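To start, the structure under review is shown below, and the notes come after it.
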Amino acid sequence: MSARRLIQGGRIDREKSLRFRWDDRVLSGHPGDSLASALLANNQWVLGRSFKYHRPRGIMSAGVEESGAIVTVGKGDRRVVNTKATMQELHDGMEASGQNAWPSVRQDLGAINGLFSRFFSAGFYYKTFMGIPPFEWGRGTGMWMWYEKFIRRAAGMGNASREPDPDHYDHVHGFCDVLVVGSGIAGMSAALAAAEAGLEVVLVEQDWEPGGDLLGQYGAEAERRRQGMVQDLQTAGVRLMLRTTAFGLYDNGVAGLLERVTDHLKDPHRDLPRQRFHVLRARQTILATGAIERGIAFGNNDRPGVMTADSAGLYLNRYGVLAGEQVVVATNNDSAYNVALDLAGAGAEVSVLDARARIPGRLSELAADADVNLRNNCTVMKANGANGIRSVNVAIRSGGTRSGGTRSGGAWKAGSRQDCDLVLVSGGWSPVVNLMSHRGVRPTWNADIACFLVPEPHEGIRMAGAAAGCWTVNDCAQSGLSAGRAAARALGREVTIVDAPAPGGWESPIRPLYEVRIDGWKLKSLVDPQHDVTSDDVRLAHREGFVSVEHLKRYTTLGMATDGGKVGNVIGLALMAEALGRDIPEVGTTTFRPPYTPVSIGALRGRSVDTHFRPLRRTPLHDWNLAHGATMTMAGLWHRPWYFARDGETISEAYVRETETTRRAVGLCDVTSLGKIAVQGPDATEFLNRVYTNPFAKLPIGKARYGIMLRDDGIVMDDGTTWRLGETEYFMTTTTAHAAKVMAWLEELLQTRWPDLRVHVTSVSEQWSGCAVAGPKSREVLAACVADGAILDNDRFPFMGVIETELKGGIPCRIARISFSGELAYEAYVPSDYGPAMMDLLWAAAAEHDGCLYGLEALGAMRIEKGHVTGAELDGRVTLEDAGLGRMGSENKSYIGSALRKRPELLREDRPRLVGILPRDRSQKFNAGSILCHPDAVSGLGEGWITGVTHSPSNGHWIGIGFISGGHEAWDGKTAIAADPVRRGNVEVEIVSPHMYDPDGEKMHG
Amino acid sequence: MADRISALDGHVTTGTFGLVPDDGPGVILQPLPDLSLVQVAGWPDTLRAVGARLLAITDAVSLPGPGKAATVGAVSLLRVEPLKWWLLGAQAPELPAEKGSTLDLSHSRTRVRVAGRDAAALLNRFLSLDLRTGSFPPGSVASSSFHHVGVTLWHADDGYHLFLPRGFALSCWEVMLESALQFGVEVRQG
Chain A
8 MSARRLIQGG
18 RIDREKSLRF
28 RWDDRVLSGH
38 PGDSLASALL
48 ANNQWVLGRS
58 FKYHRPRGIM
68 SAGVEESGAI
78 VTVGKGDRRV
88 VNTKATMQEL
98 HDGMEASGQN
108 AWPSVRQDLG
118 AINGLFSRFF
128 SAGFYYKTFM
138 GIPPFEWGRG
148 TGMWMWYEKF
158 IRRAAGMGNA
168 SREPDPDHYD
178 HVHGFCDVLV
188 VGSGIAGMSA
198 ALAAAEAGLE
208 VVLVEQDWEP
218 GGDLLGQYGA
228 EAERRRQGMV
238 QDLQTAGVRL
248 MLRTTAFGLY
258 DNGVAGLLER
268 VTDHLKDPHR
278 DLPRQRFHVL
288 RARQTILATG
298 AIERGIAFGN
308 NDRPGVMTAD
318 SAGLYLNRYG
328 VLAGEQVVVA
338 TNNDSAYNVA
348 LDLAGAGAEV
358 SVLDARARIP
368 GRLSELAADA
378 DVNLRNNCTV
388 MKANGANGIR
398 SVNVAIRSGG
408 TRSGGTRSGG
418 AWKAGSRQDC
428 DLVLVSGGWS
438 PVVNLMSHRG
448 VRPTWNADIA
458 CFLVPEPHEG
468 IRMAGAAAGC
478 WTVNDCAQSG
488 LSAGRAAARA
498 LGREVTIVDA
508 PAPGGWESPI
518 RPLYEVRIDG
528 WKLKSLVDPQ
538 HDVTSDDVRL
548 AHREGFVSVE
558 HLKRYTTLGM
568 ATDGGKVGNV
578 IGLALMAEAL
588 GRDIPEVGTT
598 TFRPPYTPVS
608 IGALRGRSVD
618 THFRPLRRTP
628 LHDWNLAHGA
638 TMTMAGLWHR
648 PWYFARDGET
658 ISEAYVRETE
668 TTRRAVGLCD
678 VTSLGKIAVQ
688 GPDATEFLNR
698 VYTNPFAKLP
708 IGKARYGIML
718 RDDGIVMDDG
728 TTWRLGETEY
738 FMTTTTAHAA
748 KVMAWLEELL
758 QTRWPDLRVH
768 VTSVSEQWSG
778 CAVAGPKSRE
788 VLAACVADGA
798 ILDNDRFPFM
808 GVIETELKGG
818 IPCRIARISF
828 SGELAYEAYV
838 PSDYGPAMMD
848 LLWAAAAEHD
858 GCLYGLEALG
868 AMRIEKGHVT
878 GAELDGRVTL
888 EDAGLGRMGS
898 ENKSYIGSAL
908 RKRPELLRED
918 RPRLVGILPR
928 DRSQKFNAGS
938 ILCHPDAVSG
948 LGEGWITGVT
958 HSPSNGHWIG
968 IGFISGGHEA
978 WDGKTAIAAD
988 PVRRGNVEVE
998 IVSPHMYDPD
1008 GEKMHG
Chain B
784 MADRISALDG
794 HVTTGTFGLV
804 PDDGPGVILQ
814 PLPDLSLVQV
824 AGWPDTLRAV
834 GARLLAITDA
844 VSLPGPGKAA
854 TVGAVSLLRV
864 EPLKWWLLGA
874 QAPELPAEKG
884 STLDLSHSRT
894 RVRVAGRDAA
904 ALLNRFLSLD
914 LRTGSFPPGS
924 VASSSFHHVG
934 VTLWHADDGY
944 HLFLPRGFAL
954 SCWEVMLESA
964 LQFGVEVRQG
């Protein structure tokens, strides 16, 4: 094995050196290198270990299809596993290492697995489910439960960092007229044609340089052509996006792009995202995605030192690396000849084994002129060498092939051994039709050039260049021009249409060859190297009945590795076709799905992480609350005060104090998060009357009413108060949890059912900042804050009254006398920017009465005492009657849900009804979520459940609220069990009325 | 009268931040406090009459159609929905209920100006709107989603004006500022 850097040639900057670490070695490369080319230049061959058998693996390609040089790049929290070294741009200081090996990829103890490979064949994992015969025959899979963990530990490639990802990622939305994927000569021609027609064109290229195949061609002419086209693209205004992969195509011209922004930089600026996830909407799309060279399944075709022919040309011409000195090229088509000639020109000793019987005269002459040893009717049977190549066994054709192109018995016979240190393979080319496949298009098999093609445009998506089966540079250029013009015409531009060239272009046709098998020889021939799927595995799957290509894929995992079947799918299909005695088109093809290449989770998440995992919603009093000692909690997207602990207080001590203080004096609570909706228009009253279960037709101006709205099916949707501000104007409040849902529901009703009603609904949740003022002293507190305190007198402002007034300082304010706590209470709302000013006023007044601020915990305690329902109770299963609000259902009008709430099932007397719950032993506690059971049947779903619990300062013990069959009347004098088997266990409880505090409402009305 | 405290008060640090190119920051972010915003809505059969009232208030030459805005001096009119306008910088007209309704929303939104050569690029980090000049020229208005939050965007003569729901404003501001750092960002006080 003797790869080396040449002293000249390639696109690297030899003036500068980049030092990088590979495992325990410090090596050097040059700007312009990929990690793979730099490793090759340092004659590093064993770069990885295979998935199952831990076979040594080296560089097998130079692109995204790489199946051997899959490595870990980076360290610490920036460690990225399963990086294809062929696609990783080298930078100074890079740290890379092998994976799936111990202690190293060069000496890996796991290679012992190879000795047991016959036990790890296709479907190995599934077969483990059956248990181990004869020990477990008919007795389940107990042993599997034990050894399954060892299988899982052995599976997987590389160890991802367990630390938080330190990088950030962007999502980007983009638009263009034409998206061109791939910047080879076809892509550049297409982009240029579309741009010259006046269209906005985006050209994406996964590489860090534009040019595609031109980058790997020898000579100044190719480079001049490339540079000229790049210049033309810039002049035409084409937006070129390098290091960007179009990983998927979706509906309506949407393309998913992944842009690698900093992966190639040593010290990226901290403000640059590592990657950008683009959602690009294009009116037309051209896929100039090229083609991927296939291998041939022969013995040990995965050994380090076996690679595709084209990649050796790329390493030579782009990176100035001669991958071997004694090179055997196994081909069945014309494309490998250029590589053979280039390698010979660089000083290598080259032999071409061409599987074809006849070789075009021109190629033969060129080979002869370059001292390339050329043998027809030959190929490689087996590569020899442990961690590299020492020689190959040559196979010689001994008979014809049957239709379908795969081998038939006796077609090959073993030939002589030939020394070499590098084996290059070209088994044909597979156009990259993956993105078209994402759109549900099934490619068709073209037997002439032995590949799948998508000949027709679909949804404004066109194939061009090698992706359309064009094999020559000039054909690719014309194909791109044709596609670009066609896209322009489709967008209404007056352009001259150019015919696309026919697929093909070789001087002599390809002779399909997928596997070399010789009777009497047992060969380990890999079809999908990444998942260690061999040609024998495909045949085993066939024998075991997995003959559908989709079953084959899942049973053998062929094509399910990170390359997504780019390497092995066609060969696997061909082998299955042979096993079935059919042709490839009859067997079908698998469907490629996004992503074309892996997309990091970080890119998918974008900036939706940490504090931005979801947007945080703050009330206008947020900072004020924090400044006054609030501990916050999440309530949906809202941050709300949970409790206001004083020195050394626990949450329990704090909320009990807040509850007691509010009941004794006065408490203030931020209630801004309640949903608020302006309902306006001449038909607003009629609208509300149809939405709410209770009458709203006669609600006077200046009064509020508690209302409940049902879903169509008669189940409670939400509750709240609605304030009548004027003849045609209402202010509706909803629960915090259902604010958006109710708003959308009202919009839907107006737009789809009652478009004749002249009503506008507008969310004003953000417009108004609210504070509940609750407790016996609440009137005094509020009176001290409004411009005219007299308006709060009981007579002028009774329970459920509404006034619009001003706070001191001229702050506009609307107040309703409503109570969620059971105390004399008010809710005051001011325009949000005045929220802090309102709190300053209220808090100063409350302090005069030894008042307090209270949070959600105390609010919850008081509402449980009072028996008010919240989202915990209104969970989508509850009727009016279940919630103890049956009297709210009017019998004199029709409203949403009025018909279906009368369904017999919803009227059953034994339905779970809202109740209060007390511990039989008052010193005991129980948990929310406990199941309420009959003492004789503590099992199953029980008789009900508990939705909320609290210590009740008013009662001096623990209380709860929940539902139980038949309600509290049915359980009068009986004991129930609050069953909580995974936490507290069973607690005996009493079932009582849910109104456990001031049941007659004297305090509230006082 | 008490001072208005905007959602961003105390959370905005002015200055230039991030990866600033040689030709200066690509983005200018500027909260514009003390928003004056009134929603004016008509009914299908009174839309023309309501529009006439608005024309009189704004001195605009013509009424902006759906998704468009008109500005005369300090007063702007944004057509945000088929039956609704937003009136910025002017008092609401008196409208009988039979003709339409008005609603003060001045405190419901936090207004942020996003300007500079990379303003559209920054906004497209979050908004799936086609902001190319041909599709969204100055005078355009659209509703969309910004980091999961429903927002209104107006392309004014001095840049884009983003109307963020007040409660989400700080969260949106923070995530937008983080993303803006890559362009270089100048934060100005309103």
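Top line first, the protein sequences correspond to chains A and B. Numbering of the first sequence is given in our numbering, commencing with residue 8 and proceeding in unit increments. Numbering of the second sequence is given in our numbering, commencing with residue 784 and proceeding in unit increments. Glycine residues also receive a C-beta, built at the ideal position from the N, C-alpha and C atoms. Values in this document were obtained by computation on a predicted structure and should not be read as measured data.
In this structure, what does DSSP give as the bridge partners for Ile77 of chain A? A:Lys91
Can the beta-carbon of Gly191 of chain A be found closer than 7 Å to that of Ala295 of chain A? In contact: Gly191 of chain A and Ala295 of chain A (Cβ atoms closer than 7 Å).
Given 8 Å, three or more beta-carbon pairs between the region 737 to 754 of chain A and the region 883 to 897 of chain B: no
Same chain, Cβ closer than 7 Å to Leu914 of chain B, five either side skipped, listed in chain order: Ala903, Leu906, Asn907
In the structure shown, what three-state DSSP assignment does Arg546 of chain A receive? helix
Chain B contacts made by the region 166 to 184 of chain A, where a contact means CB separation under 8 Å: His175, Asp177, His178, Val179, His180, Gly181, Phe182
Taking 7 Å as the threshold (beta carbon to beta carbon), is Ala844 of chain A in contact with chain B? yes
Please identify the residue among A:Ala944, A:Ala202, A:Gly955 whose C-alpha is closest to the C-alpha of Ala983 of chain A. Ranking the options by Cα distance to Ala983 of chain A, first place goes to A:Ala944.
Quick one: what's got a C-beta closer than 8 Å to Arg624 of chain A's C-beta in the same chain, skipping five residues either side? The answer, listed in chain order, is Gly643, Leu644, Trp645, His646, Ser680.
Using a Cβ-Cβ distance cut-off of 7 Å, determine whether Arg765 of chain A contacts chain B. yes
For Leu431 of chain A and Thr315 of chain A, which I take to be in contact (beta-carbon distance under 8 Å), what is that distance rounded to the nearest angstrom? 7 Å
Does the distance from the C-beta atom of Gly260 of chain A to that of Arg283 of chain A stay below 7 Å? Taking a C-beta distance under 7 Å as the contact criterion, Gly260 of chain A and Arg283 of chain A do not qualify as a contact pair.
Under 8 Å Cβ to Cβ from Glu6 of chain A, same chain only, skipping five residues before and after it: list those, please. What the structure shows of chain A is the stretch from 8 to 1013, and residue 6 of chain A is not part of that stretch, so it cannot be assessed.
Output yes if chain B places a C-beta closer than 7 Å to the C-beta of Ile684 of chain A; else output no. Chain B, which has no Cβ nearer than 7 Å to the Cβ of Ile684 of chain A, makes this no.
Residue ranges of each alpha helix (DSSP H) run of no fewer than 4 residues wholly in the region 859 to 933 of chain A, ordered along the chain? 863 to 873, 911 to 914
What does a CB cutoff of less than 7 Å around Leu830 of chain B pick up in its chain, not counting 5 residues either side in sequence? Closer than 7 Å at the Cβ level, and outside the excluded window around Leu830 of chain B, lie Leu866.
Quick check on DSSP: helix, strand or coil for Ala637 of chain A? strand
Between Leu360 of chain A and chain B, is the shortest Cβ-Cβ distance under 7 Å, so that the two count as touching? no
Along the region 687 to 706 of chain A, where does the CB come closer than 9 Å to a CB of chain B? Name the residues. Gln687, Gly688, Pro689, Ala691
Per DSSP, which one or two residues make a beta bridge with Thr131 of chain A? According to the sequence provided, residue 131 of chain A is Phe. The question's Thr does not apply to it. In the DSSP output, where bridge partners are listed per residue, Phe131 of chain A has none listed.
Mark Arg414 of chain A as exposed unless 16 or more other C-beta atoms lie within 10 angstroms of its C-beta, in which case mark it buried. The predicted model places Arg414 of chain A with a pLDDT of 45, which falls under 50 and marks its position as unreliable; any figure quoted below should be read in that light. Result: buried.
Taking the DSSP output, what are the residues bridged to Phe946 of chain B? B:Arg894, B:Thr935
Taking C-beta pairs closer than 8 Å, name the residues in chain A that Gln822 of chain B reaches, listed in chain order. Thr769
What ranges does the beta strand (DSSP E) occupy inside the region 220 to 252 of chain A, keeping only unbroken runs of at least 3 residues that lie completely in it? 246 to 248
I'd like to know whether the C-beta atoms of Val357 of chain A and Ala343 of chain A end up nearer to each other than 7 Å. no
So, does the CB of Pro948 of chain B fall closer than 7 Å to a CB anywhere in chain A? yes
Is Gly809 of chain B close to chain A? Criterion is C-beta to C-beta, closer than 7 Å. no
Span separating the alpha-carbon of Gly674 of chain A from that of Ile658 of chain A: 17 Å
Does the CB of Leu623 of chain A have a neighbour CB from chain B at under 7 Å? yes
How big is the Cα-Cα spacing for Val313 of chain A and Asp426 of chain A? 14 Å
Spell out whether any CB of chain B is found under 7 Å from the CB atom of Pro926 of chain A. no
Between the Cα of Pro926 of chain A and those of A:Ile953, A:Leu948, A:Leu913, spot the shortest distance and give me the residue it belongs to. Comparing Cα positions, the closest option is A:Ile953.
Alpha helix (DSSP H) segment containing Lys748 of chain A, residue limits: Per DSSP, the unbroken alpha helix (DSSP H) holding Lys748 of chain A starts and ends at 746 to 755.
I'd like to check one pair, Leu939 of chain A with Gly955 of chain A: are the Cβ atoms closer than 7 Å? Going by C-beta atoms, Gly955 of chain A is not nearer than 7 Å to Leu939 of chain A.
Can you find a CB in chain B that lies within less than 7 Å of the CB of Tyr841 of chain A? yes
Rounded to whole angstroms, what's the CA-CA distance from Glu522 of chain A to Glu372 of chain A? Just pull it up for me. 28 Å
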